[in-house]
Each structure stands twice: as structure tokens, then as C-alpha cells.
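Numbering (this note's numbering), first residue to last: 852 to 1060.
Note that beta-carbon positions come from the ideal geometry of N, C-alpha and C, so glycine has one too.
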Ligand SMILES: [Zn+2]
């Protein structure tokens, strides 16, 4: 597909999403407001993390949060699911439990919930299967090794999501880690420009564990 066509499609999806309120969830205790300072017309997104993370099955005992980037400029949970299912031949598809969009391929700051979270099963996001069984894998769309930082919306969504997990599963900040901190073989994920210190400091302010 030509790049121009892809941008038109991405834009159309974004407009459709904005028109239908697809990124707006019901209010609750975990409400946050996000103002996009990058777009011309600032959009306020209220995300109900509690509602978003609710599952119909018995919850797993999550002990870690592992942070990733997609190492692509655009993408969505569906894109990565297809790649992991068809190219990597992973039966459960999407390796992560959550994907946070950057506005290219999915909403800017949109939190997409993967099937592995809905089923409360292991991820496939690190080389350590023992860790995959007890860690929540969150992937931000973008390449923060070669490009700039995540968007403000992505950071806001990530902080809210991680603070929520920290509180709910009693996960201390020492167990909120970058992929590069846990993989045996070298990886830059989630990239040198990923604002890890900011994340930990803001999550600690919200949820001191
Ligand atoms: Zn990673």
C-alpha cells in the first residue's frame, strides 16, 4: 500500500473514532483526563482503567510490569496480533497484554486490551517464560531508540495503567521494569528515549509502594 493511502486510511479511522467517541470510556475511580497538546484541536480523553481491565475469568497473580516499544512508527493491537500469530506462529497471538497507541494506526493514548489479558494468560513478551507467566506486558507504539519520546497521551495513559496495576496487584516500583532489564540477550527495548525515570516517579507519586 502506498504511504499516502495509508495516511488517508489512518486519518479516516481517527476521524471515525473521534466522531463515534470510541476512545471515551465511562467515568470511575480511575478517571484521568488527557489533553493532547500536539494536535491542533486538543482532545480530552477520559479513560476508565478499571472498566477497561475488567475480565470475566479468574485473575492471574501478576507480580511484574514489563514495558516495551513496538519499534515501529505505527501500529495497533490488531496489527501486532496478526504479525505474532502469522509470522511468529504464536498460538495466542499478540504477545503483550496491552498496547498504547500513538495516533498512527490506533488512537493517540488509546489503551487496547489484548486477548491474553482477557483470558488472563501468560504473555510472550520476554525470553523468560517464568517471567511471562507473572508479568503484565505493555507495549507503546513507536520506536524510542531511534525516534523521539512517546506522545504525551501515551505517557499519561501508561502512568494511569501502571499505577492501577501497582495498586491492584501490590506491584512495587522495583518490579516495574523495562524489557531491556529482564532479557538475557541484548535488547534496547523500549529504547533509550523511553522516559522510564519519569514514569517511575509519577507512578510513585500516585501509588507509593
Ligand atoms: Zn520489548
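Cβ pair residue i, residue j closer than 8 Å
i, j, result
"residue 956", "residue 927", "yes"
"residue 1012", "residue 972", "no"
"residue 966", "residue 982", "no"
"residue 951", "residue 1000", "no"
"residue 970", "residue 917", "no"
"residue 1049", "residue 1014", "no"
"residue 985", "residue 913", "yes"
As assigned by DSSP and simplified to three states, the class of residue i
i, result
"residue 1015", "helix"
"residue 938", "helix"
"residue 992", "coil"
"residue 986", "strand"
"residue 905", "coil"
"residue 1051", "helix"
"residue 999", "coil"
"residue 1057", "helix"
"residue 1036", "coil"
Nearest-angstrom Cβ-Cβ length linking residue i and residue j, presumed shorter than 8 Å
i, j, result
"residue 947", "residue 976", "5 Å"
"residue 1053", "residue 1010", "5 Å"
"residue 995", "residue 949", "Not quite, the Cβ-Cβ distance comes to about 17 Å (not below 8 Å), so this is no contact."
"residue 1007", "residue 960", "6 Å"
"residue 925", "residue 992", "7 Å"
Buried or exposed by the 16-neighbour rule on C-beta atoms within 10 Å, applied to residue i
i, result
"residue 1021", "exposed"
"residue 1029", "buried"
"residue 1032", "exposed"
"residue 1041", "buried"
"residue 997", "exposed"
"residue 922", "buried"
Identity of the residues DSSP links to residue i by a beta bridge
i, result
"residue 951", "962, 991"
"residue 916", "987, 1027"
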